[in-house]
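K.L.:
Just dropping this structure here.
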Amino acid sequence: MTNLQAVLDSIHKELAPRIGEGKVADYIPELAKIDANQFGLSVVTVDGKVYNVGHADVPFSIQSISKVFMLTLALGKVGEGLWKRVGREPSGSAFNSIVQLEQEQGIPRNPFINAGAIAVSDVVMAGHAPREAIGELLRFVRYLADDESVTIDDRVAKSETQTGYRNFALANFMRSYRNLDHPVEHVLGVYFHQCALSMTCEQLAKAGLFLAARGSNPTTGHSVVSPKRARRINALMLTCGHYDGSGDFAYHVGLPGKSGVGGGIFAVAPGIASIAVWSPGLNKVGNSQLGAVALEMLAARTGWSVFGD
Ligand code: GLN
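Here my numbering is used: the sequence shown runs in plain steps of one and ends on residue 302.
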């Protein structure tokens, strides 16, 4: 049996000289202020044990990782009907690319690129005022993490509202193809607030534990989704979770995962554990540089890759 705490400690120690590598996202002014010299890693096993190292208790902006939680909510609302609004194929392009959207008549490739996530937010908004949709997501994430202290950082949401020109372009484009039912400002209001969820590595690993445990959180007993749905969300994370870096992440790490420009990566070792890592410096495709390296080390040392040890 692997001594997980020793594995986490060794990863932290070996990466210590490299902490600060990569480039903090600066297109959202509030995120540009984050100190790059931080690194946290948390592993929660399906038997409920928590292993932390570094800044695992420091809240950070989870950004696109929120797309996993919003997708779970949308599937709960409309089921497989969701796939009329968004595809399930890897995009091979940047998270905020607009080119494909025109070629494919306003139907985004998958729910994890920005356009796809904006369409998913629109689905969750049905029958709600925007504020209620945000409230529903926040309640859901608190319930998943079993932690009422999870919050949304309004400064980050405001900062992105003021500068999210590309997301406005994507949303307007989709609306022109009638793939958004609500006004662009409202949908993006929800989307920017979901991205501004602020969580620690430990909270994030706990919130995503249901995906490692056939849809139920074994520590709280909460049944969240069916085993089949958990499996399918994991499949989407594996193929689409890192934009045009998804193939590379599968090659090096071999776990379903979802990244965010706040420098977080959430990953799942099915049947074993959920994992959250955070290091704000990003690589060229906008994924946490050291986060990906840490996960590669973790997968190698535990044999957790879904492709075999
Ligand atoms: N809120 C960010 C954006 O829309 C999320 C992108 C990301 O984390 N990759 O640009």
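The beta-carbon is built from N, C-alpha and C at its ideal position, and this holds for glycine as well.
(1) Please classify ASN165 as buried or exposed, where buried requires at least 16 other C-beta atoms within 10 Å of its C-beta.
(2) Which two residues bound the contiguous beta strand (DSSP E) that contains ASN337?
(3) Under 8 Å, do GLY279 and TYR244 count as touching if we go by C-beta distance?
(4) Write down the C-beta distance between THR38 and ALA266 rounded to the nearest angstrom, noting that I regard them as a contact closer than 8 Å.
(5) Between GLY74 and VAL51, how many whole angstroms is the CB-CB distance? I'm expecting something under 8 Å.
(6) Report the residue ranges of all alpha helix (DSSP H) runs contained in full by the stretch 21 to 88; include only those spanning at least 4 residues, in chain order.
(7) Considering just the uninterrupted stretch of the alpha helix (DSSP H) at LYS199, what are its terminal residues?
(8) Could you name the residues that DSSP lists as bridge partners for LYS251?
(9) How is the beta strand (DSSP E) around ILE268 delimited, first residue to last?
(10) Using a Cβ-Cβ cutoff of less than 7 Å, which residues in the same chain neighbour ASN103 once the five nearest sequence positions on both sides are dropped?
(11) Would the C-beta of GLY85 count as close to ligand 1, meaning under 7 Å from any of its heavy atoms?
(12) Run the proximity test for GLU153: is its beta-carbon closer than 7 Å to any non-hydrogen atom belonging to ligand 1?
P.N.:
According to the structure shown:
(1) exposed
(2) Lying outside -6 to 302, the shown extent of the chain, residue 337 is not represented and no answer is given.
(3) No. Outside cutoff.
(4) 5 Å
(5) GLY74 to VAL51, Cβ: 39 Å. No contact.
(6) 22 to 25, 59 to 71
(7) 194 to 200
(8) PHE259
(9) 266 to 271
(10) VAL79, GLY80, ARG81, GLU82, PRO83, SER84, GLY109, LEU229, CYS233
(11) Not a single heavy atom of ligand 1 lies less than 7 Å from the C-beta of GLY85.
(12) yes
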